[in-house]
Every structure is written in structure tokens, then in C-alpha cells.
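Visitor:
Number of protein chains: 4
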Amino acid sequence: MLKVGLLGAGRIGHVHAVNIAGHMRSQLVAVSDVHQEAARTLADRHGAEARTSDAILNDPDIDAALIATSTDTHSDLIEAAARAGKAVLCEKPVDLSLERARACLRSVQNLGVPVMIGFNRRFDANFAGLKTSLRAGDIGRPELLSITSFDPAPPPVDYVKVSGGLFRDMMIHDFDMSNFIMDAMPVSVHAVGSSIVDPAIGAAGDVDTAVVTLTYADGRLAVIKNSRRAVYGYDQRVELLGSDGLLQAGNMLENTVVRSTATGVVSGKPTYFFLERYMAAYAAEWDAFLAACLDGAPVPVTLADGIAALAMAEAATESARTGRTVPVPG
Amino acid sequence: MLKVGLLGAGRIGHVHAVNIAGHMRSQLVAVSDVHQEAARTLADRHGAEARTSDAILNDPDIDAALIATSTDTHSDLIEAAARAGKAVLCEKPVDLSLERARACLRSVQNLGVPVMIGFNRRFDANFAGLKTSLRAGDIGRPELLSITSFDPAPPPVDYVKVSGGLFRDMMIHDFDMSNFIMDAMPVSVHAVGSSIVDPAIGAAGDVDTAVVTLTYADGRLAVIKNSRRAVYGYDQRVELLGSDGLLQAGNMLENTVVRSTATGVVSGKPTYFFLERYMAAYAAEWDAFLAACLDGAPVPVTLADGIAALAMAEAATESARTGRTVPVPG
Amino acid sequence: MLKVGLLGAGRIGHVHAVNIAGHMRSQLVAVSDVHQEAARTLADRHGAEARTSDAILNDPDIDAALIATSTDTHSDLIEAAARAGKAVLCEKPVDLSLERARACLRSVQNLGVPVMIGFNRRFDANFAGLKTSLRAGDIGRPELLSITSFDPAPPPVDYVKVSGGLFRDMMIHDFDMSNFIMDAMPVSVHAVGSSIVDPAIGAAGDVDTAVVTLTYADGRLAVIKNSRRAVYGYDQRVELLGSDGLLQAGNMLENTVVRSTATGVVSGKPTYFFLERYMAAYAAEWDAFLAACLDGAPVPVTLADGIAALAMAEAATESARTGRTVPVPG
Amino acid sequence: MLKVGLLGAGRIGHVHAVNIAGHMRSQLVAVSDVHQEAARTLADRHGAEARTSDAILNDPDIDAALIATSTDTHSDLIEAAARAGKAVLCEKPVDLSLERARACLRSVQNLGVPVMIGFNRRFDANFAGLKTSLRAGDIGRPELLSITSFDPAPPPVDYVKVSGGLFRDMMIHDFDMSNFIMDAMPVSVHAVGSSIVDPAIGAAGDVDTAVVTLTYADGRLAVIKNSRRAVYGYDQRVELLGSDGLLQAGNMLENTVVRSTATGVVSGKPTYFFLERYMAAYAAEWDAFLAACLDGAPVPVTLADGIAALAMAEAATESARTGRTVPVPG
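Residue numbers (the working numbering), protein chains in the order written: chain A, 3 to 332; chain B, 3 to 332; chain C, 3 to 332; chain D, 3 to 332.
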């Protein structure tokens with residue numbers, strides 16, 4: 003039984019609280035948030051206490067910290083929690099600064115505690131199933147990867163301004179997915195971006211539509227497409243061409259109802275957004291973290307994985323700005 | 003907050019226990035079972051007490067009884083619970099005897115407590131979605147209904163012998179589904195059955211494959227197909243032709259992975275059996291029961307609904323035996 | 003090179019003319035029709051002559067007759083053509099009278115000429131592919147067959163009155179399909195019909211919606227569903243459950259375009275009617291007839307096959323009228 | 003009635019011959035080929051004459067020339083045919099040299115004869131259907147286009163050596179498709195390529211796998227993926243994200259049979275290669291050419307369209323070689 007303190011009682015904190023409290027092998031002991039009221043409400047719902055994050059990290063009875071606070075606090079909290087001997091599951095991204103994230107890794111890497119980054123999509127049954135099939139050799143050697151990742155609607159411009167930009171905020175998930183599928187970092191990144199969905203996003207210095215091409219040392223290629231707006235719902239697909247075939251992982255649909263009328267054949271839309279699509283993935287992620295903490299299983303998504311995705315995001319940001327292909331540090 | 007006693011700690015009792023204990027508006031207070039050890043294990047897991055069913059029904063602090071015991075006890079327990087003032091959710095079928103079920107209805111109908119029968123499939127998002135679309139007028143007037151319902155593998159012959167036969171045990175779900183979709187009872191039933199999957203089922207006096215045709219007073223038709231064996235998984239589909247189109251509700255798949263190779267294009271199989279397919283439906287069913295108990299919403303599946311399905315099963319059993327079309331009592 | 007006379011220059015005659023004239027191994031020599039002008043127009047288009055049917059059947063240079071005239075002339079023309087030594091491909095049905103069709107068979111069976119009935123659906127790539135998979139053992143032993151066959155719109159009531167009724171006119175294709183797939187005649191037929199699509203069809207003594215259940219000597223079952231109206235297009239599907247799996251053959255779609263918007267995901271409708279759906283099947287049928295005539299291949303759909311389907315249609319008509327299950331003569 | 007001379011009796015010449023001879027509004031008069039025997043065989047099959055290409059172009063009775071010879075002869079033959087007053091349909095590409103193609107355009111543009119380039123995919127019902135839906139405003143303003151185009155198997159290396167390279171030989175179809183869909187040329191092209199399918203292709207100086215990103219003046223983006231090998235068959239898909247939704251056009255399948263067994267759910271593969279997939283598109287292309295020649299309809303794919311695609315291929319070739327983004331001349 004893992005005793006857990008949850009730092010951050012926002013939307014994603016609520017998701018984690020349900021999984022922590024509902025799992026037979028973990029217990030939600032305490033919740034903190036910069037808004038004390040939010041912490042109290044969430045804590046009450048699950049029979050936990052509302053505390054400060056310091057109080058959580060200093061409590062010797064707490065085994066693990068789940069960090070679901072704002073991005074700018076991640077590195078500090080990872081270091082503090084790890085130094086306090088807590089196992090850590092931290093939401094992505096590690097940091098908006100690659101340098102700071104690397105320093106964080108140096109700080110904690112010899113402390114002997116599990117530190118996991120919350121790239122939840124690796125635990126989606128569809129993407130995990132694709133990976134399983136690839137590992138089984140179903141399509142031979144991978145050659146060309148395509149990732150499509152569209153959000154249903156753009157975020158507020160105020161969020162965009164502090165997000166670190168599309169490549170660090172949104173495509174970072176896809177960079178991690180490419181690393182997960184390809185089992186390697188690319189050697190170079192080429193990115194083009196555009197603010198065609200919402201000019202205000204362009205005015206804020208960001209893009210809302212982007213295409214990134216990744217080149218691997220052995221000649222494999224990958225392409226990632228992002229858009230901040232797909233009015234039909236969250237569109238999350240992965241497709242991998244290999245020497246012996248093609249693997250595709252598609253969207254989950256609202257339901258299986260098909261309606262055929264004189265005007266056409268209509269089927270269900272993709273589930274609306276990440277909470278609907280990835281609810282089961284968050285539960286599987288928590289299960290995997292428990293296995294790492296309680297059973298000694300390897301940490302499935304390491305801090306180094308988080309830094310790798312961040313390095314790719316940084317390269318993509320530079321490429322989109324300069325128009326040049328940017329090498330990725332080995 | 004509804005305080006609930008669960009009668010029956012078998013496989014389906016476990017499913018209900020999770021939903022009762024996990025819902026914000028209900029609390030699992032006590033569990034009973036003919037095997038005390040089973041009751042204790044399940045009660046412990048959810049912080050409830052193991053008791054006898056009498057103790058549960060006599061506890062004035064308990065608001066509702068969920069009856070998940072063997073079929074032969076259903077009518078007696080419904081009556082006892084309702085007389086004790088408990089709201090009741092009872093697993094299907096009400097009884098193997100239509101006469102006994104009708105007597106049960108007479109006993110409880112004036113007691114003023116909600117009594118709901120657990121036809122879980124009405125709460126499946128796919129079938130409920132089909133019904134919603136029908137109600138919205140998407141396909142005009144319904145004309146021809148088809149229900150396909152195949153189990154992945156036949157039950158043990160010992161079970162078959164006490165099951166009441168395929169029509170009462172398995173197709174009863176589909177009879178209720180036809181009533182749910184068509185909003186009417188048929189006027190006659192024609193059934194053919196065969197024991198082609200397993201001759202031992204035939205030797206036990208039952209069938210394992212059956213086709214039933216329903217005729218409605220206004221000329222509408224329905225056909226139900228059952229098989230005890232579909233090696234690819236639980237196959238649960240509904241299809242409705244109407245004056246303005248067709249509605250289809252299909253299977254849930256394991257995942258969305260598609261694998262294209264030189265030998266073909268392979269996609270996921272249907273989820274294996276009812277626990278996988280209908281897990282979300284059981285939760286939605288519980289939620290609907292809570293709405294009936296706590297919010298005064300109408301009971302969505304009544305005892306009369308359970309009797310209607312049973313009457314159709316009885317008619318089908320007779321039709322399959324005699325080869326004749328059998329009228330359904332109005 | 004087979005020299006062919008075409009009897010009948012109506013809609014289906016036009017389809018056959020294109021296939022005869024376009025095939026490398028056949029030549030369209032002459033066309034007849036009760037409307038001489040229709041014969042002349044069609045003949046001119048393909049460089050053939052317009053003649054009377056007598057002139058065609060008496061021409062020793064003509065090897066084969068394709069009979070695409072009205073149903074009431076089929077038996078007479080089959081006999082006349084076969085006696086004149088012509089190979090015969092005759093459109094379905096052989097006759098509306100089972101007795102007359104049997105007499106026709108007795109007349110021609112010893113004449114030594116190929117006589118084929120035009121059950122075109124056996125040559126549809128989807129249904130033929132299903133049969134190929136069945137023969138390959140992909141799903142083991144067949145157990146339960148379902149045929150769905152809906153027309154896009156009901157025919158004029160004047161046509162209905164002379165059609166012989168839905169079972170002889172429309173479902174006869176499905177009876178042949180069941181024989182093709184199951185490789186056996188059923189031992190009994192149960193039919194229910196309804197005139198729910200168009201009351202005028204009921205007033206004319208026919209049904210427009212029907213469900214037929216077939217029982218086989220070895221316990222296999224089949225169900226056929228017909229409707230005269232599916233506003234979304236021609237709906238032609240076959241589904242076969244076997245001991246090792248399920249085979250399904252579905253509709254051809256207009257195109258593969260899928261449109262996802264805020265209101266739903268819309269894909270192409272089935273091709274509109276039989277000419278669109280079965281155009282390739284008619285060409286494959288002609289190719290198979292040429293193989294029977296020129297290469298000594300067995301006739302793939304015999305006159306006896308035509309009579310078998312007609313016997314089932316007669317039994318279904320009686321069952322729908324009486325409400326009783328009707329045995330099929332062995 | 004258009005009288006047509008066919009130059010080139012190879013594989014694609016055979017496809018065109020069937021369409022020319024089979025169309026009610028055209029007649030195949032003569033066929034030429036560098037291999038006289040090939041010309042004679044094809045001409046005989048369709049009742050045409052075998053001639054030299056000079057004899058065809060000098061025959062005043064011939065209205066149009068279909069050029070299906072080797073690429074290096076295209077420009078010369080287009081010029082000769084147009085000067086002889088023939089309408090021209092020429093297979094893609096116009097030329098491997100952009101300069102020569104432009105000279106060809108200058109030569110013929112004032113001659114007043116229709117000159118059409120054979121980008122057959124524009125006439126595929128799926129891609130044409132996507133374009134129709136786009137024009138109808140179904141997805142609003144287009145933002146992000148994706149084209150997937152995989153061949154089933156790589157060509158012989160000897161062919162690769164004279165092909166002009168993947169971008170001119172294979173992706174040129176996709177460049178034209180992007181122009182067709184986007185109704186604009188991009189302002190810049192970025193390409194990466196790899197010879198991961200077959201090292202011999204790399205040794206011959208070409209690539210077999212490539213990703214190209216196109217940037218448009220108004221901020222729209224497009225990505226094209228090519229591979230010379232998809233072992234499951236010809237994979238030809240287009241996907242377009244717009245402000246109001248997504249359009250997808252997919253593959254044609256061998257048939258609609260779906261086989262569900264204990265090992266999975268297997269459906270038909272894509273049709274094998276371009277002749278299977280695009281047979282109907284070639285016929286529609288010919289029909290459109292006839293409309294331009296006989297009805298005064300605008301030429302649907304002009305010589306300028308052919309040059310635009312070639313200019314993009316040249317830019318992509320340079321980008322893949324240098325690693326730099328290459329502007330496309332306006």
C-alpha cells in the first residue's frame with residue numbers, strides 16, 4: 003500500500019485523485035494546492051487531508067508525491083520530493099527550460115527513488131497495443147512513422163502566452179510517442195508552423211498548426227502533425243509503416259451507433275478531449291507507477307525520457323523559427 | 003446517500019459491489035451470501051459487513067437491496083425486501099416461472115417502493131444511443147428489428163440443465179431489448195432452435211442456436227438470433243430498419259489497432275464477454291437506480307418489464323417445442 | 003468465340019448486351035424484343051442485327067440465347083432455344099409456376115445443351131469471396147446464416163400485381179443465395195410478411211417486409227430479411243456463423259470519402275441499386291457462362307437451382323399466408 | 003465521335019485502348035509503338051491499324067493523339083501532335099527536364115488545341131469526391147493536407163536509374179494532387195528522403211521513402227509521404243483538415259468480406275496496384291478529355307498543371323539533396 007500526497011488540485015489533479023484513491027494498492031493521504039479551498043474540496047471527497055506541499059513532503063509517512071502543479075514548479079518539486087525520499091510521478095513537461103530540466107535530472111539521479119514523468123499516452127490501450135504488435139514483429143522493421151494529434155479547440159490566448167509554445171506544450175506528447183515507438187531519438191528535426199486557426203495565437207508569438215519531420219540515424223523517418231482545432235473532437239492517431247506491413251492506432255468513438263439515411267451514413271465522433279480519451283490510460287499509468295514503487299519494476303517513463311522530448315521540442319521551436327533543419331543532441 | 007445491502011457475492015455481485023461502493027451517492031453497508039466466506043471477502047474489500055440476508059432486510063438503516071442471488075430465490079427476496087420497505091434492484095430473470103413472477107408483481111405493486119430489474123443492456127451506451135436516435139426521429143417509423151446476440155462459448159451442461167433453457171436464460175435479454183426498442187409487446191412469437199454447437203446441450207433438452215421471429219399488432223417485425231458460441235468473442239448487435247433509414251449498434255472492440263500485412267488487414271476482436279462489454283452499462287444502471295430511489299425518477303426497468311420478457315421466453319420455448327407460432331398474452 | 007442472340011432489349015438486356023459485345027470470347031449477333039424499335043436501337047449500338055426471336059432461334063450460326071424477356075415467356079423460350087441446340091442463359095425466375103418450371107426441366111434435361119439461370123449475386127465478388135472463405139474452412143462448419151436484402155424503394159403497385167409476390171420476385175435471389183452458401187435445401191420454411199412500407203402493396207395482396215426462417219436437416223438454421231424500402235440505398239449483406247468464426251459480406255459504397263464535422267462522421271452510402279452494385283457480377287456471370295459453353299466447365303447455376311429457389315418461394319408464400327411452417331419437398 | 007491515334011502500346015497503352023475503343027464517343031483508329039509487334043497486337047484486338055507515330059500524326063482524319071510512350075519522347079510528341087492540329091492527352095510526366103517542359107508549353111500554348119496531362123488520380127471517385135465535398139464547403143477553409151502514397155513493391159533498380167528519381171517519377175502524382183486539392187502552388191518545399199527499403203536504390207542515387215512538407219503563402223501546410231513498399235498493397239489516401247472538419251479519402255478494398263475468428267478480425271486488403279485502383283479513374287479521365295475535345299469543356303488538367311508538379315518535384319529533389327527548404331518559383 004503506497005501512501006500518496008497529491009500536489010495540485012486542478013483538473014488533472016482530480017483525475018489522479020480518483021485513481022490513487024480507487025486503487026487497491028494506494029491511499030490518498032493529503033492534497034495541496036495554491037488555492038487552499040481547492041485542496042480541501044478534493045481532499046474531502048476522498049477522505050484525505052488538505053495540507054501545504056511542504057507539510058506533505060516533510061511527512062515521513064508519505065511514500066510518494068504526485069506532482070500536478072503548474073509547469074514552472076515541476077523541477078523544484080521533483081528535487082524537493084526526491085530529496086525527501088519520496089517516489090515521484092510528475093506531470094509533463096519536466097520544465098520549459100531544457101537546461102533546468104537537465105539540472106533537475108543531475109540532482110535526483112543518484113537519490114535512488116523512482117521518478118516517473120506522466121506521458122499518459124504510452125498507457126493508452128491503442129498505442130500500447132500498436133507497440134506490442136511492433137515488438138511482436140508483426141510488421142518487421144519500422145520505416146516511416148506518422149503521428150496525428152489534433153485538439154478539439156484552441157486554448158485561451160492567455161494560456162498560449164505562458165505555455166512555452168505549441169512544440170513544448172502540445173507536441174511534446176508526440177515527441178515522447180515517437181521515442182516510445184521508434185526506441186530512438188532522431189538526429190535532426192525540421193518544423194514548420196503556422197497560425198492559421200487563430201491569428202491571435204500568431205500575434206502571441208506561437209503557432210497553432212505544425213508539421214515536424216524527424217530523421218533517424220539509420221534512415222527511418224517520422225512526421226508529426228498538430229493542430230489546435232479539430233471541430234469533430236480529439237483526433238489522436240499513430241501509423242507506422244514497416245518492412246512487412248502497416249500498423250494503425252485510431253480514435254475511440256463515443257459509441258458504435260451507425261445511422262444510414264437518405265443523406266448519408268453517420269457514425270459516432272471521436273471522444274471529445276483528453277479526459278474522455280485517456281481516462282483509462284491515466285489509470286493504467288498509475289498502475290504502472292505502483293508497480294515501479296512496490297514491485298521494483300523499471301520506471302516506464304523516466305526523467306530522461308521527459309528531457310529527451312523537451313530537447314526535441316526545443317529543436318522544433320528553433321527550426322520553425324529559422325526555417326532550418328536542426329540537429330538533436332545525441 | 004443510499005445505504006445498500008448486497009444479497010449475493012458471486013461474479014455479478016462483485017461487479018455491483020464496485021459500483022455501489024464507488025458511487026458518490028451510495029454506500030455498501032452489508033453483503034450476504036450462502037457461502038459466508040464469499041460474503042466476508044467481498045464485504046472486507048469495500049469496508050462493509052458480512053451478514054445474513056435476513057439481517058440485511060431487517061436493518062432499518064438499510065435503504066435498498068441489490069439481489070444478485072440464484073434465480074430461484076429472486077421472487078421470494080423481492081417480496082421480502084419490498085415488504086421491509088427496501089428499494090430493490092434484482093438481477094434478471096425475475097423467475098423461471100411466469101406464474102410465480104406474476105404473483106410477485108401482485109405482492110409488491112402497491113408497496114410504494116421502487117423495484118427495478120437488472121436488464122443491464124438498456125444502459126449500454128451503444129443500445130441507449132440507438133434508442134435516443136430512434137426517439138429523435140432519425141429513421142422515422144420503425145419497421146424491422148434485428149438482434150444478434152452470441153455468447154463466446156457455451157456454458158457447462160450442468161448449468162444448462164437448471165437454466166430454464168436458452169430462451170429464458172439467454173434470449174430473455176433480447177426479448178427485453180426488443181420491448182425497449184419497439185415500445186410494445188409482440189402479438190405472436192415463432193421460434194426454431196437447434197443443438198448444433200454441442201450435442202450434450204441437446205441431450206439435456208435445450209438448444210444452443212435459435213432464431214425467433216416476433217410479429218407486432220401494427221405489422222412491424224423483429225428477428226432475434228442467438229448462439230451459445232462465437233469463438234471471436236461476445237457478439238451483441240442491434241439493427242433497426244425504419245421508414246427513413248437504418249440504425250445499427252455494434253460491438254465494442256479490444257482496441258483500435260489495425261494491422262495490414264501481406265496476409266490481410268487485421269483489426270481488434272469484440273471484447274470477450276459481458277463483463278468486458280457491459281462494465282460501463284452496469285455502472286449506468288446503478289446510477290439510474292439511484293435516480294429512481296433518490297430523485298423520484300421513474301424506475302427505468304420495472305418488474306412488469308421483467309414479466310413481459312419472461313412471457314415472451316415462455317412463448318418462444320413452446321413455439322420451438324411445437325413448431326407452431328404462439329400468441330403472446332396482451 | 004460464342005455467337006449470341008439476345009432475347010429482350012429492356013434494362014437488363016442492355017446490361018447483358020454490353021457484356022456480350024465487350025467480351026473477347028463472345029459476339030452479339032442479334033437482338034429481339036416485343037418492341038422492335040427497342041431491339042433495333044440496342045442492336046445498332048453494338049453492331050448487331052434486330053430480328054424476331056424465332057429468327058434468332060432458327061439461325062444455325064447462333065450458338066447461344068440469352069433470355070431477358072418477361073418472366074411469363076421464360077419456360078417456353080428455354081425449351082425452344084434448347085431444342086434448337088442453343089446454349090441458354092435465362093434471367094431469373096424460371097417461371098412463376100413451379101409445375102411449369104419442372105416441366106421445362108424435364109423437356110430440356112436430356113438435350114445436352116448448357117442451361118444456366120441468371121442468379122447474378124453468386125458472382126458478386128463479396129458473396130463469392132465469402133463462399134471461397136467458407137470452402138477454405140476459415141470458419142469451420144456453418145451453423146447460422148443471415149441474409150439481409152433491402153431494395154432502395156418499392157416498385158410500382160402495377161408491377162407488384164404481376165410479380166408473383168415478394169417471395170417469388172425478390173426473395174428468390176436470397177433463396178438461391180442460401181442454397182449457394184449452405185450447399186443444401188432446407189427441410190422447412192417459416193415466413194411472416196407485412197405491408198408496412200406501402201399499404202397499397204397490401205391491398206394488392208402482397209407484402210413489402212418479410213422475415214423467413216429456414217431449417218436444415220442437420221440442424222443448421224438460416225434467416226432471410228427483405229424490405230422493399232431502404233432509403234439509404236440497396237442493402238445486400240450476408241453473414242454466416244460457423245463453429246470457428248463468422249463471415250460477413252457487406253455493401254459496396256459510393257466512395258471512400260469520410261467527412262468528420264461537429265455534427266458527426268459521415269461516410270458514403272451503399273451503391274444505389276442492383277445495376278450499380280452488381281454490374282461487375284453480371285460481367286463475371288457472363289464469363290462463367292462462356293466457360294461452361296466453350297471450355298466444358300460445369301454450369302454454375304443450373305435450371306434445377308432455379309427450381310429449388312422457386313420451390314422455397316412457393317413454400318414461403320404458403321407459410322406467410324397460413325402462419326404455419328411449411329415443409330420443402332426434398 | 004473522336005478519331006484517336008494511340009502512341010505507345012505498353013501496359014498503360016492497353017488501358018487507354020480499352021477506354022478509347024469502348025467509349026460511345028471515340029474510335030481507336032491506329033496504334034504505334036517502337037515495337038511494331040506490340041502495336042499490331044493491340045491494334046488487332048480493337049479493330050484498329052498498326053502504324054508509325056508519324057503516319058498517325060500526319061493523318062488528317064485523326065482528331066486526337068494519346069501519348070503513352072516513354073517519358074523522354076513526351077515533349078517532342080506533344081509538340082508534333084499539337085502542330086498537326088491534334089488534341090493531345092499525354093501521360094505524366096511532361097518531361098524530366100523542367101526547362102524542356104516549359105519550352106514545350108511555349109510551343110503549343112497558342113495553337114488552339116486541347117492539351118491534357120494524364121494525372122489520372124484527379125478522376126478517382128474517392129479523391130474527386132473529397133474535392134467535391136471541399137468545394138461544397140463541408141469543412142470550411144482547408145488548413146492542413148496529408149497525402150499518403152505507397153506503392154506495393156519497389157520497381158527494378160534499372161528502372162529507378164532512368165526514372166528521374168522518386169520525386170519526379172512517383173511523388174509527382176502527389177504534387178499534382180496537392181495542387182488539385184489546395185488550388186494553389188506552395189511557396190516552399192522541404193523534403194527528406196531515405197533508401198531504407200532497398201539499399202540498391204540508394205546506391206543508384208535515389209530514395210525509396212520520403213516525407214515532403216509544403217508551405218503555402220496563406221499559412222496552409224501540406225505533407226506528402228511516399229514509400230516504394232507497402233506489402234499489403236497500393237496505399238493511396240488523402241486527408242484534409244479544415245476549419246470546420248476533416249475530409250478523408252481512403253483505399254478501395256478487394257472485397258467487403260470480413261472474417262472473425264479466434265485469432266482476429268480480418269478484412270480485405272487494398273486493391274493491389276494502380277491498374278486495379280485506378281481503372282475506373284482512367285475511364286473517367288478519358289470521358290473528361292472527350293468533353294474537352296467535343297463539347298468545349300475546359301481542359302481539366304493542363305500542360306501548365308504538369309509543369310507545376312514538375313517544378314515541385316525539382317524543388318523537392320534539391321531539398322532532399324541539400325537539406326534546405328527550397329522556394330518554389332511563383
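The C-beta atom is built at its ideal place from N, Cα and C for all residues, glycine as well. None of the values given here were measured: they were computed from a predicted structure.
Which residues bound the alpha helix (DSSP H) around C:Glu81?
Guide: Looking at the DSSP string, the run of the alpha helix (DSSP H) that includes C:Glu81 is 76-85.
Visitor: Which residues in chain D sit within 7 Å of C:Ala127, going by Cβ to Cβ distance?
Guide: By Cβ distance, chain D contributes Asn257.
Visitor: Quickly, what does DSSP pair B:Ser148 with across the bridge? List them, please.
Guide: Paired residue(s): B:Val225, B:Glu241.
Visitor: Any beta carbon from chain C within less than 8 Å of D:Ile141's own beta carbon?
Guide: Answer yes: the Cβ-Cβ gap between D:Ile141 and chain C drops below 8 Å somewhere.
Visitor: Who are the neighbours of A:Asp160 on chain D, taking C-beta pairs under 8 Å?
Guide: What A:Asp160 touches in chain D: nothing, since even the nearest Cβ is about 22 Å away.
Visitor: Just the Cα atoms here: how many angstroms apart are D:Ile174 and D:Ala212?
Guide: Distance between the alpha carbons of D:Ile174 and D:Ala212 is about 12 Å.
Visitor: Does B:Lys94 pass the burial test, meaning 16 or more other C-beta atoms within 10 Å, or should it be called exposed?
Guide: Under this definition B:Lys94 is a buried residue.
Visitor: Any contact between the segment 227-244 of chain C and the segment 234-243 of chain D? By contact I mean 3 or more CB pairs, one from each, below 8 Å.
Guide: No: fewer than three Cβ pairs fall under 8 Å.
Visitor: Return no unless some Cβ of chain C is closer than 8 Å to the Cβ of D:Asp246.
Guide: Cβ-Cβ to chain C under 8 Å: yes for D:Asp246.
Visitor: Tell me which residues share the same chain as C:Ala40 and place their Cβ nearer than 6 Å to its Cβ, disregarding the 5 neighbours each side in the sequence.
Guide: Excluding positions up to five away in sequence, the list reads Ala11.
Visitor: Indicate whether at least one CB of chain B lies closer than 8 Å to the CB of D:Ala264.
Guide: Chain B, which has a Cβ nearer than 8 Å to the Cβ of D:Ala264, makes this yes.
Visitor: Does A:Gly167 come within less than 8 Å of chain B when only Cβ atoms are used?
Guide: Chain B contact via Cβ: absent.
Visitor: Determine, for C:Arg326, whether the minimum Cβ-Cβ distance to residues of chain D falls below 8 Å.
Guide: Not one chain D Cβ lies under 8 Å of C:Arg326.
Visitor: Please report whether the beta-carbon of A:Lys267 lies at a distance below 8 Å from any beta-carbon of chain C.
Guide: The sequence as given places Val at residue 267 of chain A; Lys does not occur at that position. Yes, A:Val267 counts as interfacial toward chain C.
Visitor: Could you tell me which residues DSSP pairs with C:Gln29 in its beta bridges?
Guide: C:Lys5.
Visitor: Under 6 Å Cβ to Cβ from A:Lys271, same chain only, skipping five residues before and after it: list those, please.
Guide: Hits under 6 Å: Tyr234, Gly235, Glu256.
Visitor: Taking DSSP as the reference, what is the three-state secondary structure of B:Ile174?
Guide: B:Ile174 falls in the helix class under three-state DSSP.
Visitor: Buried or exposed: B:Asn122, going by 16 or more other Cβ atoms within 10 Å of its Cβ?
Guide: Counting Cβ neighbours within 10 Å, B:Asn122 comes out buried, since at least 16 surround it.
Visitor: When you compare only the Cα positions, how much space is there between D:Asp176 and C:Leu249?
Guide: C-alpha separation (whole angstroms): 36 Å.
Visitor: Bridge partners for D:Glu256 per DSSP, in chain order?
Guide: Its beta-bridge partners do not exist; DSSP assigns none.
Visitor: For A:Val233, go through chain C and note every residue whose CB falls closer than 9 Å to its CB, in chain order.
Guide: Those are Ser262, Thr263, Ala264, listed as they occur along chain C.
Visitor: Can you confirm whether D:Asn253, when its beta carbon is compared against all beta carbons of chain E, has any partner nearer than 8 Å?
Guide: Of the protein chains in this structure, namely A, B, C and D, none is chain E.
Visitor: Rounded C-beta distance between A:Glu316 and A:Leu100? I'm assuming under 8 Å.
Guide: Going by Cβ atoms, the distance from A:Glu316 to A:Leu100 rounds to 5 Å, so yes, they are a contact pair.
Visitor: Taking one C-beta from the segment 174-193 of chain C and one from the segment 213-226 of chain C each time, how about it: are there three or more such pairs within less than 8 Å?
Guide: Result yes; three or more Cβ-Cβ pairs closer than 8 Å.
Visitor: How about B:His76 and C:His192: do their beta carbons lie closer than 8 Å?
Guide: No, Cβ-Cβ distance for B:His76 and C:His192 is not below 8 Å.
Visitor: As a quick exercise: from B:Met118, B:Ser269, B:Ala32, B:Ser72, pick the residue whose alpha carbon is nearest that of B:Ala84.
Guide: The option with the nearest alpha carbon to B:Ala84 is B:Met118.
Visitor: Could you check where the alpha helix (DSSP H) with D:His16 kicks off and where it finishes?
Guide: Taken as a continuous stretch (DSSP letters only), the alpha helix (DSSP H) holding D:His16 covers 13-24.
Visitor: C:Glu278: buried (16+ other C-beta within 10 angstroms of its C-beta) or exposed?
Guide: The residue in question, C:Glu278, is exposed, as its Cβ has fewer than 16 Cβ neighbours within 10 Å.
Visitor: If you draw a straight line from the alpha carbon of D:Ile64 to that of D:Gly252, how long is it in whole angstroms?
Guide: Roughly 39 Å separates the two Cα atoms.
Visitor: Starting from A:Val199, find everything on chain D with Cβ-Cβ shorter than 8 Å and list it in chain order.
Guide: The answer, in chain order, is Glu145, Ser245.
Visitor: Please confirm if C:Gly298 has its CB atom under 8 Å from at least one CB of chain A.
Guide: Chain A contact via Cβ: absent.
Visitor: Along chain A, in chain order, which residues have C-beta atoms closer than 8 Å to that of B:Leu68?
Guide: Neighbours of B:Leu68 on chain A: none; closest Cβ ~20 Å, over 8 Å.
Visitor: Nearest chain B C-beta to C:Gly221 closer than 8 Å, yes or no?
Guide: C:Gly221 counts as touching chain B.
Visitor: Find the nearest neighbour of A:Asp35 within the set A:Asp297, A:Ile22, A:Glu51, judged by alpha-carbon distance.
Guide: Ranking the options by Cα distance to A:Asp35, first place goes to A:Glu51.
Visitor: At the level of alpha carbons, what is the spacing between C:Ala264 and D:Gly247?
Guide: If you take the alpha carbons of C:Ala264 and D:Gly247, they lie about 7 Å apart.
Visitor: Could you name the residues of chain C that A:Gly207 contacts, counting a contact when the two beta carbons are closer than 9 Å?
Guide: The contacting residues do not exist; A:Gly207 stays about 29 Å from chain C at best.
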